[in-house]
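Step one of this worksheet: look at the structure below.
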Amino acid sequence: MTTTPLTTTLAAAPQGVNGVALAVFVFFFLAVTVMGFLAARWRKAEQSANLDEWGLGGRSFGTWVTWFLLGGDLYTAYTFVAVPAAIYTAGAAGFFAVPYTILVYPLIFTFLPRLWSVSHRHGYVTTSDFVRGRFGSKGLSLAVALTGLLATMPYIALQLVGIQAVLDVLGVGGGADANWFVKDLPLLIAFAVLAAYTYSSGLRAPALIAFVKDGLIYLVIVVAIIYIPIKLGGFGEIFHAAKDTLAVHGPTGKPRGELASGPNAQWAYATLALGSALALFMYPHSITATLSSRSRNVIRRNTTILPLYSLMLGLLALLGFMAIKAGTDTRGNAQLAIPQLFEDMFPSWFAGVAFAAIGIGALVPAAIMSIAAANLFTRNVYKDFLKPDATPEQEHKVAKLVSLLVKVGALAFVLTMDKTVAINFQLLGGIWILQTMPALVGGLFTRWFHRWALLAGWAVGMVYGTLAAYGMASPTQKHFGGSNAQIPGIGEIGYIGLTAFVLNVVVTVVLTFVLKALKAPEGTDETSPGDYTADVGDAGVTADLPPATAGAPAGH
């Protein structure tokens, strides 16, 4: 969920340090740091040196832990910053995030329980594990793994951008004239703490911290949606100001945005919402949180209660209109709209609570994303291609090291590149990750697709999506300026990722007919029909898992 920064010319004057807000922020940050390290002992199995324990929390989480973990995973600090910032910038177009998070849950209800069952039956840790087992293709598995890694890296970077936005508003970092080390020192400290407790505790750290993160976010949004409108004269005044401001023509000669989407925006809005819904649970971090649950029914229950977060997101989105009415000074960076609104509207102590919610909201998903990326590399690159005879202990060590390298890469990305570059790559990541859906979701329901056809369809979708996004310009950049382009054959403007996905499916289906007619080898399917509906207690579900998981108590 991203937005394009406003092209204003406001001076980026250094902010004074808000001592009270900073103290509250530091208090919560230290509290979750302690929790992160203590999480290493939470529900720890006797044999913990394996990927199931470190990377999936021992597959032991129940309904509420999974709910908080998935919520902490999907509704990130950047969501907190970017969704209202998109509405602050362009109005109604930013609301696409609300319907897409409603659409996604009926979709995942159909296939996530099947993925959980087959993964627990065979000990799969990643979606690439499943694809390799289902289609007997390491090449297709590698394509899915590399796509996941590429899509995850900028997502982690954007969590650090969210923390940076909070630190900028808090006034820490030495101001614009400070040298790079002083300016970025607070972010470096936050990164070091995140890296340390993720390395030590694995998935248990973000699972435990997610309780604090989600509790703070709900508290801040409930207070904000009541308190700020009272200070601004009510919702009528807020919507009136937003309508007038968004109608003002900018440098391009067009209005800045719309309070409600007009007819010309409907295809773009609908396709972006649908494509985003299809893509969300293709991301490795979403699957990592899903596979950490202890039973099939935990997943089914979560698909029915996770929409509560969509209610929160709808309320959060309205903060963008409030920032317009409040005349919030973003200093040329729309990502500062909500942190600055909190700074201006709330008493200092509660502004500190709000900043802590955003900051912790970055740490939880960043930890899960780095773990998911480490799981992918360890299982589907290191073990499949570099060291096939790797022991569980070696997998465990490699995953922990890779999780550090991933975070270092994300940090370097943020510190050395313009923030719009991170946003552009995250938009591109959504287009890319959607191209793994035919192999993953298709494979959960049928073996009809040919592995080579799936690989060819993936390649076509990746190439088309990348080139189409590269060709998109905006007022501030020549390439990767947006995620919507003209849909071939229809002529309407729509989401590039969904168009690429349709091309992917068409190529996959056509080539499957051709390859089957040519009797091309289809690979070996190591799964069986009963694997897709198995639950804990069914024969074989725990027996085939790694020793530490198979030996875990039923209530673990």
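Per the numbering used here, the very first residue in the sequence shown carries number 776; after that it's consecutive.
No residue lacks a Cβ here, since even glycine has one placed at the ideal position from N, Cα and C.
Here the structure is a predicted model, which is why all the values come from computation and not from measurement.
Given 8 Å, three or more beta-carbon pairs between the segment 1031 to 1038 and the segment 1272 to 1280: no
Outcome for ILE1146 when other beta-carbon atoms lying within 10 angstroms are tallied against a minimum of 16: Within the sequence shown, numbered from 1, the residue matching residue 1146 stands at position 371. By the neighbour-count rule (16 or more Cβ atoms within 10 Å), ILE1146 is buried.
Member of THR1153, ASP989 and MET810 whose CA lies at the smallest distance from the CA of LEU1083: Residue 1083 sits at position 308 when you count from the first residue of the sequence shown. The shortest Cα separation from LEU1083 among THR1153, ASP989 and MET810 belongs to ASP989.
Under the three-state DSSP convention, the category PRO789 falls into: For this step, residue 789 is matched to residue 14 along the sequence shown. Because the pLDDT at PRO789 is just 43, under 50, the model does not fix this residue reliably, and the value given afterwards should be weighed accordingly. It is coil, neither helix nor strand.
Delimiting residues of the alpha helix (DSSP H) encompassing GLY1269: Taking the sequence shown and counting its residues from 1, the one referred to as residue 1269 is at position 494. Careful: GLY1269 lies outside any alpha helix (DSSP H), inside the beta strand (DSSP E) at 1268 to 1270.
Check: THR841 C-beta below 7 Å from any heavy atom of the ligand SAH: Questions concerning the ligand SAH fall outside what the structure shown contains, since it holds no ligand whatsoever.
Closer than 8 Å to chain B by CB, TRP817: In summary, chain B is missing from the structure at hand, where a single protein chain is found.
CA-to-CA distance, MET1144 to VAL1177, given in whole angstroms: The residue you call residue 1177 lines up with position 402 of the sequence shown. The residue you call residue 1144 lines up with position 369 of the sequence shown. Their Cα atoms are separated by approximately 12 Å.
Exposure label - LEU963; buried when at least 16 CB within 10 Å: As a working note, residue 963 is residue 188 in the sequence shown. Label assigned to LEU963: exposed.
Beta carbon of ALA1228 nearer than 8 Å to that of THR1283: Residue numbering aside, residue 1228 sits at position 453 when the sequence shown is read from its first letter. Residue numbering aside, residue 1283 sits at position 508 when the sequence shown is read from its first letter. Yes, these two residues count as a Cβ contact at 8 Å.
Coil, strand or helix - GLU1297 by DSSP: For the purposes of this step, residue 1297 is identified with residue 522 of the sequence shown, where counting begins at 1. Here GLU1297 sits in coil by DSSP.
Pick from ILE1206, ILE931 and PHE1288 that is closest to ALA1052, judged by C-alpha positions: Taking the sequence shown and counting its residues from 1, one reaches residue 1052 at position 277. The shortest Cα separation from ALA1052 among ILE1206, ILE931 and PHE1288 belongs to ILE1206.
Residues of its chain near VAL879, where Cβ-Cβ distance is below 6 Å and the 5 sequence neighbours each way are ignored: The residue labelled residue 879 in the question sits at position 104 within the sequence shown. Once the five neighbours on either side are set aside, the close Cβ partners of VAL879 are ALA1052 and LEU1055.
PRO1263 to ALA999 span [Cα, whole Å]: Along the sequence shown, read from residue 1 onward, the residue named residue 1263 stands at position 488. Along the sequence shown, read from residue 1 onward, the residue named residue 999 stands at position 224. Those two C-alpha atoms are separated by around 43 Å.
For ASN1150, the three-state DSSP class (helix, strand or coil): Here residue 1150 corresponds to residue number 375 of the sequence shown, with the count starting at 1. Correct three-state label for ASN1150: helix.
Run of the beta strand (DSSP E) containing ALA1260, from where it starts to where it stops: Taking the sequence shown and counting its residues from 1, the one referred to as residue 1260 is at position 485. ALA1260 -> beta strand (DSSP E) spans 1259 to 1261.
Segment contact flag, the segment 822 to 839 with the segment 977 to 988, C-beta cutoff 8 Å, min 3 pairs: yes
Of the listed residues VAL1311, VAL1128 and LYS913, nearest to LEU994 (C-alpha basis): By one-based count along the sequence shown, residue 994 stands at place 219. Cα-wise, what sits closest to LEU994 is VAL1128.
Assumed close pair ASP904, HIS1060 - CB separation to whole angstroms, cut-off 8 Å: Translated into positions along the sequence shown, residue 904 becomes position 129. Translated into positions along the sequence shown, residue 1060 becomes position 285. 16 Å between Cβ atoms; not a contact.
Alpha-carbon to alpha-carbon, ALA982 and VAL1139: Position 364 of the sequence shown, counting from 1, holds the residue named residue 1139. Position 207 of the sequence shown, counting from 1, holds the residue named residue 982. Each residue's Cα considered, the two are about 8 Å apart.
Bounding residues of the alpha helix (DSSP H) (the contiguous stretch that carries ASP1004): Translated into positions along the sequence shown, residue 1004 becomes position 229. The sequence as given places Pro at residue 1004; Asp does not occur at that position. 979 to 1007 is the span of the alpha helix (DSSP H), which, as asked, contains PRO1004.
Unbroken stretches of the alpha helix (DSSP H), 4 residues or longer, contained in the segment 875 to 935: 902 to 910
CB contact flag (TYR1157, VAL1173, <8 Å): Here residue 1157 refers to the residue found at position 382 when the sequence shown is read from its first residue. Here residue 1173 refers to the residue found at position 398 when the sequence shown is read from its first residue. Yes, the Cβ-Cβ distance between TYR1157 and VAL1173 is below 8 Å.
Rounded separation between ILE984 and MET1192 - CA only: Counting from 1 along the sequence shown, the entry for residue 984 is found at position 209. Counting from 1 along the sequence shown, the entry for residue 1192 is found at position 417. Their backbone Cα atoms lie some 29 Å apart in a straight line.
Among TRP1233, PHE886, LEU1066 and GLN1201, nearest to PRO1213 - alpha-carbon criterion: In the sequence shown, counting from the first residue as 1, residue 1213 sits at position 438. With distances taken between Cα atoms, PRO1213 lies closest to TRP1233.
Continuous alpha helix (DSSP H) stretch holding GLY847: start and end: Against the sequence shown, residue 847 aligns to sequence position 72. From DSSP, the alpha helix (DSSP H) with GLY847 extends over 838 to 849.
Validate contact between the segment 832 to 839 and the segment 1000 to 1007 using beta carbons, cut 8 Å, 3 pairs: no
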